[in-house]
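Visitor: Heads up: the protein sequence lines correspond to chains A and B, in order. Taking our numbering, I'd label the letters of the first sequence as residues -7 to 98. Taking our numbering, I'd label the letters of the second sequence as residues 8 to 124. Got a structure for you, written out below as structure tokens; questions coming shortly.
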Amino acid sequence: DIQVTQSPSSLLASLGERVTITCQTSQSISNNLNWYQQKPGQAPMLLIYYATSLQTGMPSRFSGQYSGRSFTLTITSLEPEDIANYFCLQHYSALTFGSGTKLEIK
Amino acid sequence: EVQLVESGGGLVQPGSSLKLSCVASGFTFSSYNMHWIRQAPKKGLEWIALIYYDSSNKYYADSVKGRFTISRDNSKNTLYLEMNSLRSEDTAMYYCARGGYKEADYWGQGVMVTVSS
């Protein structure tokens, strides 16, 4: 099974700050990784698919990059509505998930 | 608008059975593979089952193989998860999610299953 290591597990950031979350996979998965946002009591929402493509309707302050087995989600300028849990999903072989990052306001 | 609505969860005793449903709307259900994914309390997300759009193939995580069965009724736009021989470690929020090109692009809000005596 492909393991996905996500960091950090929690993050305190200020409004307007640039935020970066990382997922590292145990083997190469090309670009087969998605990023999601989940708010309490709500369904997860797809933010980024195939590592770099912004899902329709999602704000352009969200972006994804990757290099080798390392994947990053960046929020260029944190907004109050971005407070949520974020997780990644690799879909190269079966589906395995990162452990999540809880993003809070400093 | 794509919607997935799960139902059928609840509190059950170890060893018992439960059947979850996921009703889909807003897209051509019969054209998409579908997943079940779960999250135990204070734990990470775990994929548990996949069914192809035409039910031709089904795949399971080792943790549920032989106990859970995924199925679908395309005439009713409904996905199912039949869970037998439930264990305490099956306690989790269960989500259905749409498969396809983007994989898991839409999720339901989830349904809670608690296995406890």
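Note that the Cβ used here is the ideal one computed from N, Cα and C, for glycine as well.
Hey, would you say VAL122(B) sits closer than 8 Å to LEU88(B), going by beta carbons?
Guide: Contact: no.
Visitor: Anything in the stretch 101 to 114 of chain B with a Cβ closer than 7 Å to a Cβ of chain A? List those residues in chain order, please.
Guide: Flagged, chain order: LYS109, GLU110, ALA111, ASP112, TRP114.
Visitor: Helix, strand or coil for SER110(B)? Go by DSSP, reduced to three states.
Guide: Checking the sequence shown, residue 110(B) turns out to be Glu, not Ser. Looking at GLU110(B) - three-state DSSP - the assignment turns out to be coil, as it is neither helix nor strand.
Visitor: How would you list, in chain order, the residues of chain B whose beta-carbon sits under 7 Å from the beta-carbon of GLY92(A)?
Guide: GLY51
Visitor: Just reading off the beta strand (DSSP E) that ALA35(A) is part of, what are its end residues?
Guide: ALA35(A) -> no beta strand (DSSP E), and no H or E assigned at all.
Visitor: Less than 8 Å separating the beta-carbons of GLY177(B) and GLU53(B)?
Guide: What the structure shows of chain B is the stretch from 8 to 124, and residue 177(B) is not part of that stretch, so it cannot be assessed.
Visitor: What do you reckon, are the CB atoms on ILE97(A) and LEU7(A) nearer than 8 Å?
Guide: yes
Visitor: So, at 6 Å on beta carbons, what are the nonlocal neighbours of ASP97(B) in its own chain, with the 5 sequence-adjacent residues on each side left out?
Guide: Only VAL122 meet the Cβ criterion.
Visitor: Using a C-beta cutoff of 8 Å, does TRP43(B) count as contacting chain A?
Guide: no
Visitor: Does DSSP put PHE34(B) in a helix, in a strand, or in coil?
Guide: coil
Visitor: What are the partner residues of LEU11(B), as DSSP defines its beta bridges?
Guide: ALA31(B)
Visitor: Between THR93(A), GLN82(A), GLY92(A), which lies nearest to GLN19(A) when the distance is taken from Cα to Cα?
Guide: Nearest neighbour of GLN19(A) by Cα position, chosen from THR93(A), GLN82(A), GLY92(A), turns out to be GLN82(A).
Visitor: In terms of alpha-carbon separation, which member of GLU9(A), GLN16(A), VAL11(A), ALA5(A) lies closest to VAL(-4)(A)?
Guide: GLN16(A)
Visitor: Helix, strand or coil for GLU9(A) per DSSP?
Guide: coil
Visitor: Against chain A, does GLN20(B) count as a neighbour if the rule is that its beta carbon must be under 8 Å from one of theirs?
Guide: no
Visitor: Report all residues from its chain with a CB closer than 8 Å to the CB of TYR58(A); omit the five preceding and five following residues, and keep chain order.
Guide: ASN23, LEU25, ALA43, THR44, THR64
Visitor: Compare the C-beta of GLN34(A) against all C-beta atoms of chain B and say whether one is closer than 8 Å.
Guide: yes
Visitor: Applying a beta-carbon distance threshold of less than 9 Å, which residues of chain B neighbour LEU7(A)?
Guide: Within chain B, not a single residue places a beta-carbon under 9 Å from that of LEU7(A); the smallest gap is close to 28 Å.
Visitor: If you run the structure through DSSP and keep just helix, strand and coil, what is SER45(A)?
Guide: strand
Visitor: Grab me the residues of TYR102(B)'s own chain with a C-beta within less than 6 Å of its C-beta, minus the 5 sequence neighbours each way, in chain order.
Guide: Taking C-beta separations shorter than 6 Å and ignoring five residues to either side along the sequence, the partners of TYR102(B) in its chain run ILE44, TRP114, GLY115, GLY117, following chain order.
Visitor: Select from TYR84(A), GLN47(A), PHE79(A) the residue whose C-alpha is nearest the C-alpha of ILE21(A).
Guide: TYR84(A)
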